[in-house]
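Scroll down for the structure; my scribbles are underneath it.
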Amino acid sequence: MQLLLFVLGFLLFIGLVLIHEWGHYIAARRNGVVVEEFGLGFPPRAWGKKLKDGMVLSLNWLPLGGFVKLKGESDSDKRKGSFGAASLPAKTQIMLAGVTMNLIAGLLILTILALVGLPKLIDNQFTVASDTKISQQSVAAGFVEPGSPADKAGLTSRDSIKQITSPKGTLIITSTEQLKAATKSLEGQKVQITYEHRGQEFKKDATLLSRNEVQKSLSTDNPKGHLGVVPLELQVRRSTWSAPVVALGFTKQLVVLTMQGLGKALGGLGSTIAGLLTGNQTAREQGQAKASSQVGGPVAIMAVLWGGGSLGINFILMIIAVLSLTLALINILPIPALDGGRLVVTLVSRKLLKNPISRAAEERIHGTGMAVLLALVLLITIVDVKRFF
Numbered sequence: 009m010q011l012l013l014f015v016l017g018f019l020l021f022i023g024l025v026l027i028h029e030w031g032h033y034i035a036a037r038r039n040g041v042v043v044e045e046f047g048l049g050f051p052p053r054a055w056g057k058k059l060k061d062g063m064v065l066s067l068n069w070l071p072l073g074g075f076v077k078l079k080g081e082s083d084s085d086k087r088k089g090s091f092g093a094a095s096l097p098a099k100t101q102i103m104l105a106g107v108t109m110n111l112i113a114g115l116l117i118l119t120i121l122a123l124v125g126l127p128k129l130i131d132n133q134f135t136v137a138s139d140t141k142i143s144q145q146s147v148a149a150g151f152v153e154p155g156s157p158a159d160k161a162g163l164t165s166r167d168s169i170k171q172i173t174s175p176k177g178t179l180i181i182t183s184t185e186q187l188k189a190a191t192k193s194l195e196g197q198k199v200q201i202t203y204e205h206r207g208q209e210f211k212k213d214a215t216l217l218s219r220n221e222v223q224k225s226l227s228t229d230n231p232k233g234h235l236g237v238v239p240l241e242l243q244v245r246r247s248t249w250s251a252p253v254v255a256l257g258f259t260k261q262l263v264v265l266t267m268q269g270l271g272k273a274l275g276g277l278g279s280t281i282a283g284l285l286t287g288n289q290t291a292r293e294q295g296q297a298k299a300s301s302q303v304g305g306p307v308a309i310m311a312v313l314w315g316g317g318s319l320g321i322n323f324i325l326m327i328i329a330v331l332s333l334t335l336a337l338i339n340i341l342p343i344p345a346l347d348g349g350r351l352v353v354t355l356v357s358r359k360l361l362k363n364p365i366s367r368a369a370e371e372r373i374h375g376t377g378m379a380v381l382l383a384l385v386l387l388i389t390i391v392d393v394k395r396f397f
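The opening position of the sequence shown corresponds to residue 9 in the working numbering, with each subsequent residue numbered one higher.
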C-alpha cells in the first residue's frame, strides 16, 4: 500500500508541474502568443512530437520541472504572435498564470481535505473551533534511536504506539505529551509496549532508561530519552461549512513558515559562501547545516512522499498541497529565470528604462539565474543523499 501511495504522490507531483505550465500555456494562447513547445523536465530532450498547431510536446531528461517555450520570449521581439510584442498586462497575466494555478490547486486540495480529514501538520494549526471535529488521533514513532529501548523492542519509524503496560496498569497513548509523561514516570522500569507495524499489532517488553542515563546523555552529542523515540502526533480534523476558511487560514500559516525557512536557508547559504571565501571552516559547516535543514531537493521530496505513503492518502494529499503552494511561492520570488524574476525584468524594461532590454542582455540575466538555480539544486541533492542514505 505504501508503494502504491508513493507512486500516486509522485504522479500528483508531476501533475503540479503540468498544472503550472498549463497555466502559462492557456494564458499565452488567450493573449495571442504562439506556444512553440510544452515540455516536462528540462533539456536535453528525450522525446518530442509536433502537434497539428505546430507546438512541440516534449519529455526531457532533467526531471527538475517543466517549461513552456513561447515565440519571441525576448522583450525586444516585436513580431506578431511573439511574447515580446504582447502588452504589459498580457505579459503579466502570462507570467503569473502558473503561480495562480498552483495556488488554486493547493487551496482546492486543502479545502477537500478539510472536509474529509485534514492532518495536523504544525502546532497551533488554523482551525474554526466551532466547526472542527477530531476524526482520528494517534502517536507514531517519528525517529527511533539505534540501540534504544524502543529499537530493542522492534519499533521502527512510523509505527503507531498504542499503549504502555506496567505494574501500575495500562495507559492508552493518545498524545505525544502523554507518552513523554508516561515514560518519565516509569523511568528505569520494565514495561510492555503495544504498537502497530504495517497493520499488525505487536506487544514487546522494554526496559526504559533511568533518570541518570538520560541526564548523562544530555551532556553528549547524542542525547537520549527514556524510550528512545521522537514521537509524532498524527491528528486528522474534519470541518464542514468552514472548510474553505480553514484552507485559507492554513495557507497563510504555510506561506509565513515557508518565507521564514527560505530566509534561514539564504542566511545559511551566505554563511557558507563567506566561509568558503575566508577559509573559515566552522562558518562554512554551520552555514551548510542551516541551509540544508530548511530546503530539500528532488531526493528530499521523494523521501517525504515515501514517508507519507506509510501514513495514508490524506497525508499524501497534504504533502502535494504543501508542495503546490511552495511552488507558487518560490516561483513568484524576484529571482532571474523564475516567473517573478522575469516579471521584474519586464517591469524594469517597460516602466523604468522605457525601452526593451536587448535579447542578449535578457538571456544573460536569466541564463545566469538558471545556472545558479541548477547549481543549488545539485548542491541540495548531494546534501539530501547524505542526509537520507
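Even for Gly, the Cβ is constructed at its ideal location relative to N, Cα and C. Note that the coordinates shown come from a computational prediction; the quantities given were computed from them, not determined experimentally.
First and last residue of the uninterrupted alpha helix (DSSP H) at residue i
i	result
residue 56	Not the alpha helix (DSSP H): residue 56 falls in the beta strand (DSSP E), residues 43-58.
residue 238	Careful: residue 238 lies outside any alpha helix (DSSP H), inside the beta strand (DSSP E) at 237-246.
residue 15	10-38
residue 349	347-355
Residue from the options whose Cα sits closest to the Cα of residue i
i	options	result
residue 119	247, 10 and 198	247
residue 82	99, 19, 66 and 156	99
residue 342	178, 181 and 107	107
residue 214	207, 43 and 203	203
residue 381	368, 346 and 240	346
residue 251	177, 140, 233 and 265	140
residue 193	206, 179 and 205	179
residue 147	259, 169 and 73	169
residue 340	316, 18, 352 and 329	352
residue 210	171, 41, 311 and 233	171
Collapsed DSSP secondary structure at residue i in the structure displayed
i	result
residue 302	For residue 302, the pLDDT reaches just 49, beneath the cut-off of 50, and the residue's location in the model is therefore unreliable, although a value from the coordinates is still provided. Residue state, collapsed to three classes: coil.
residue 99	helix
residue 156	coil
residue 164	coil
residue 342	coil
residue 216	coil
residue 136	coil
residue 185	helix
residue 125	coil
residue 231	coil
residue 170	strand
residue 86	coil
residue 403	It is not possible to answer for residue 403, since the shown part of the chain is limited to 9 through 397.
residue 318	coil
residue 226	coil
residue 130	coil
Inter-residue Cα distance where the pair is residue i and residue j
i	j	result
residue 334	residue 354	24 Å
residue 238	residue 152	7 Å
residue 162	residue 208	13 Å
residue 154	residue 199	19 Å
residue 322	residue 236	28 Å
residue 231	residue 77	53 Å
residue 398	residue 10	No answer is possible for residue 398: it lies beyond the span of the chain, which begins at 9 and ends at 397.
residue 71	residue 49	5 Å
residue 372	residue 366	10 Å
residue 52	residue 65	14 Å
residue 181	residue 221	24 Å
residue 240	residue 97	47 Å
residue 56	residue 385	25 Å
Range of the contiguous beta strand (DSSP E) that encloses residue i
i	result
residue 201	198-205
residue 365	From DSSP, residue 365 is part of no beta strand (DSSP E); its letter is neither H nor E.
residue 179	177-180
residue 64	64-78
Bridge-paired residues (DSSP) for residue i
i	result
residue 91	Answer is none; residue 91 lacks a bridge partner.
residue 142	245
residue 151	238
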